[in-house]
Amino acid sequence: MSGSWSKLQKALSFRQPKSPPENASSDAKSPPSTRPSSAASSSTFSRFTRSFSSTSRSSKRTCAICLGSMKAGNGQAIFTAECAHSFHFSCIANSVKHGNYLCPICRCKWKEIPLMSSFSTDVNTNNAGRTRVSPLEDNYLDNIPRVPPPVSLPLPEPLHFSDDEHLPSITVDQTPSPSTVHPETAVLKAFPEYSAVAASGSMSRFAVLVGVRAPPLADDVRHQERAPIDLVTVLDISGSMAGSKLTLLKQAVCFVIDNLGPSDRLSIVTFSSGAQRNFPLRRMTEQGRREAALAVNAISANGGTNIVEGLKKGVRVLEERRERNPVASIVLLSDGRDTYNGDNANQRRSPRNCRSSNATSGPDFLNLLPSSICPRNREGLAAGQLPTFHVHTFGFGLDHDSSAMHAISDASGGTFSFIETVGTVQDAFAMCIGGLLSVVVQELKLTVRSASRGVEIGSIPSGRYASEISEQGKQGVINIGNLYADEEKEFLVYLSVPSAEIEQGATKTSLLQITCSYKNTTSEEMVSVEGETVEIRRPPVLSPTDVVISREVDRQINRLAVAETIAEAQQLAEMGNLEAAQAALTNRRATLLSSVSAQAGDALCSWLDMELTEVRERMVSRERYEQTGRAYVLSGLSSHSWQRATTRGDTTSQILLQGGSSSNSGATMYETPSMVSMISKSQNLSLVNRAEQVLRPNKSCNLPPPPS
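What follows is the structure, given as structure tokens:
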């Protein structure tokens, strides 16, 4: 009986009111008299037919996969199979992507597979449930055959990501360039807090500013002088990213693709409820860039937010690669809170940016991250051991988990950027890759050593850079790591200065000897640089000019004090004491404006003044702080602790519109010339794209033609 029922159900499943297949229509036209039955069975069959017809009509209105409406006019693309059953195109394409090649209703095997191939338009659903079609940019389609190849079924991910493209063979150019004949080295500098200390006097806390600046990139050989990179983008494609967010993200990633060199390699990982490697680690040659752009345009948004799985997969791409470029980094972007791990797993419907107990310490799921990006999870971790891969995180929009994104970047040695306006995501990426694509110094260590008896190093406030004082205060080492071209790091070294009576007749006291060592990314050779010995005069009586603090030291003292006050205000805000937080910021601003460097019109002090004012405004109310204040503060603290530029709100755009530059004035804080140049390129491209959209709207990827 069950077998007969199954046959009957299968036969009836082909009955559709509009365009049934031939075998179904022949059955439907068979006269009832050819099927003798009792009155009861005929009545039962009649009721079943009416019931099935009603169900069939209902299936026409409802997608059998997502159970959502397929009513005409909702903007959803509809796929009607050869068996006459209909589904949302995005739903059935996703089902086929996971290896389901039979009709979900009648189990009929299809000859035509509904697949989102790399040559098809990608379908995204915005928050209103409407469909957005984002085709590839026309100038790239000009180089693609107009007749699409046969659709191939999606290949499953390999067990191991050891399928990275081989690095290019190194050819030695016998014609030396000016930069190789006379290579520039890193530059060291030092300024004592005061130029003199009385011979009979002593100081227990005397500051010396120590700085190092990376060599620049020559304009004619920029690709040859920098280190090539292996870059993995880990992108949030959860349901909240659908619509304009995903479109802008695609444009930003395509901008990154276009600006990578042929020796650079890129992999694309996406995550929602799970994680997927959409594009393997490939060189960004002309062909590689085109293939990467196709992979980007095939992305669609749906599902939850699983940041941990996305990071794990991104790390695997770098850990399991066969060959390695000198620089490796991960870029993580998310607009929400991880709903599958840590204390958020059971709070998927709670407000995303609500205050939580981990607002300052980071999410509970940090212990789930690989040790290569979170060294504290590594067993037997040596003191001062650095993470293997830096993760630069981007909080997208107003609903992201800023505490988690900051904690992830901080643990890995990367930076956290706050993209307040979704339209600036490309500029934020531009600033980041402007730095990553200009690494000229690696494994940098800055060493200071006492130059006189009695001079002892007491402390080195070095932010998030590891520092160590050894030999009973005789030596201090700061482990900096990579430097971008023209990037500068400055540190205050506090030491004790004894009286000059220990050396009879001395007119000067040598304080510090400064050296640095690093690996040149071009030659891969270790380079050592020695700076001048820091000295102060020891007169019997001090003159009025001797007691004036150095502006260079004063401005650095101001920077550290402002960063410390902002961190203190953030902790007060997290406890709900906004009044005390604003009072601390106001007092610090008054102290800043009365300092010697600020009175002299120092540009960095002016920037710090604006930062204090902006932070105070974003703490004016609990609502304002929760919405944008926390993310703005955390991105600023990330920038100060690493002395590296981050996007804070829309400050990137403001800096360029105000004509900022990365000069020594510090007007733009930590931006380098390469960063400013890349941001300018992004903004100019955006202006061109906005003009072109009048003629060609709905473009998801805005790439210029590959170089010939």
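Numbering-wise, UniProt numbering puts 564 at position 564 of the sequence shown, and it's gapless, one number per residue.
Think of the CB as a built atom: it goes at the ideal place given N, C-alpha and C, for glycine as much as any other residue.
Bear in mind that the values here come from a model prediction, so they are computed numbers and not experimental data.
To the nearest whole angstrom, what separates the beta carbons of V448 and G476, a pair I think is in contact under 8 angstroms? 5 angstroms
Can you list, in chain order, the residues of its chain whose CB lies under 7 angstroms from that of R618, leaving out five sequence neighbours each side? Once the five neighbours on either side are set aside, the close Cβ partners of R618 are R624, Y625, T628, G629 and Y632.
Between which two residues does the beta strand (DSSP E) containing H88 stretch? S86 to H88
Helix, strand or coil for E535? Go by DSSP, reduced to three states. strand
I'd like to know whether the C-beta atoms of A295 and N278 end up nearer to each other than 8 angstroms. Their beta carbons are under 8 angstroms apart, which means A295 touches N278 by this criterion.
Simplified DSSP state of residue 710, which is helix, strand or coil: With the chain covering only 1 through 708, there is no way to say anything about residue 710.
Neighbourhood of S329 by C-beta, 7 angstroms cutoff - its chain only, sequence neighbours within 5 removed: I229, L231, F389, H390, H392 and L436
T565 and R588 look like a contact to me (Cβ under 8 angstroms); what is the Cβ gap, rounded to whole Å? 4 angstroms
Given T507, which residues of its chain have a CB within under 7 angstroms of its CB, disregarding the five upstream and five downstream residues? R537 and R538
Measuring only the C-alpha atoms, how far is F255 from I299? Taking the straight line from one Cα to the other gives about 16 angstroms.
Whose C-beta lies closer than 8 angstroms to the C-beta of A190 among residues of the same chain, with five residues either side of it excluded? V208, L209, V210, G211, L512, I514, G531, E532 and V534
Among the residues of its own chain, which have a CB less than 6 angstroms from the CB of S412, if the five just before and after it don't count? The residues I373, P387, H390 and V391, in chain order, have a CB closer than 6 angstroms to that of S412 in the same chain once the five nearest residues on each side in sequence are set aside.
As an exercise, report each continuous beta strand (DSSP E) stretch of at least 3 residues that is fully enclosed by the segment 261-343, in chain order. 265-271, 275-283 and 327-334
Of all the beta strand (DSSP E) runs that stay within the bounds of the segment 187-232, which reach a length of 3 or more residues? 187-192 and 203-213
Could you check whether E309 and F271 sit closer than 8 angstroms to each other, using their CB atoms as the reference points? yes
At what residues does the beta strand (DSSP E) containing A466 begin and finish? A466 to S470
Closest to E157 by C-alpha separation, out of K313, G68, G239 and A301, would be which residue? K313
E525 versus E286, L260 and Q442, residue with shortest Cα-Cα distance: Q442
Of the residues R290, A561, T586 and M284, the one placed nearest S462, counting alpha carbons only: A561
Contact check, P363 vs A407 under 8 angstroms by CB: the rounded distance? 6 angstroms
Is it buried or exposed, M575, if we count other Cβ atoms within 10 angstroms and call 16 or more buried? exposed
Kindly list the residues whose CB is nearer than 6 angstroms to the CB of S450, restricted to its own chain and excluding five residues on each side of it in sequence; keep chain order. K474
Does the Cβ of K250 have 16 or more other Cβ atoms within 10 Å, making it buried, or fewer, making it exposed? Its Cβ being crowded by 16 or more others within 10 Å, K250 is buried.
Anyone know if the C-beta pair for L592 and L604 falls short of 8 angstroms? no
State yes or no: is the C-beta of A292 within less than 8 angstroms of the C-beta of L333? Not closer than 8 angstroms, so no.
Is the Cβ-Cβ distance between A430 and S682 less than 8 angstroms? Contact annotation: A430 and S682 have beta-carbon atoms nearer than 8 angstroms.
Whose CA, out of D164, Y194 and K109, lies closest to the CA of L542? Y194
Nearest-angstrom Cα distance between V529 and D486? Rounded to the nearest whole angstrom, the C-alpha separation of V529 and D486 is 16 angstroms.
Grab me the residues of K445's own chain with a C-beta within less than 8 angstroms of its C-beta, minus the 5 sequence neighbours each way, in chain order. V477, I478, N479, I480, C516, S517 and Y518
Residues near S597 in its chain [Cβ-Cβ closer than 7 angstroms; skip 5 each side]: Contacts found: R551, D554, R555, N558 and C605.
Where S200 falls, given that 16 or more other Cβ within 10 Å makes a residue buried: Exposed is the label assigned to S200, since fewer than 16 other Cβ atoms lie within 10 Å of its Cβ.
Answer with buried or exposed for H160, where buried requires no fewer than 16 other C-beta atoms within 10 angstroms of its C-beta. exposed
Spell out the partners DSSP gives Y518 in its beta bridges. As DSSP reads the structure, Y518 sits in a beta bridge with V527.
When the Cα of E490 is compared with those of W642, P540, V422 and A569, which residue comes out closest? W642
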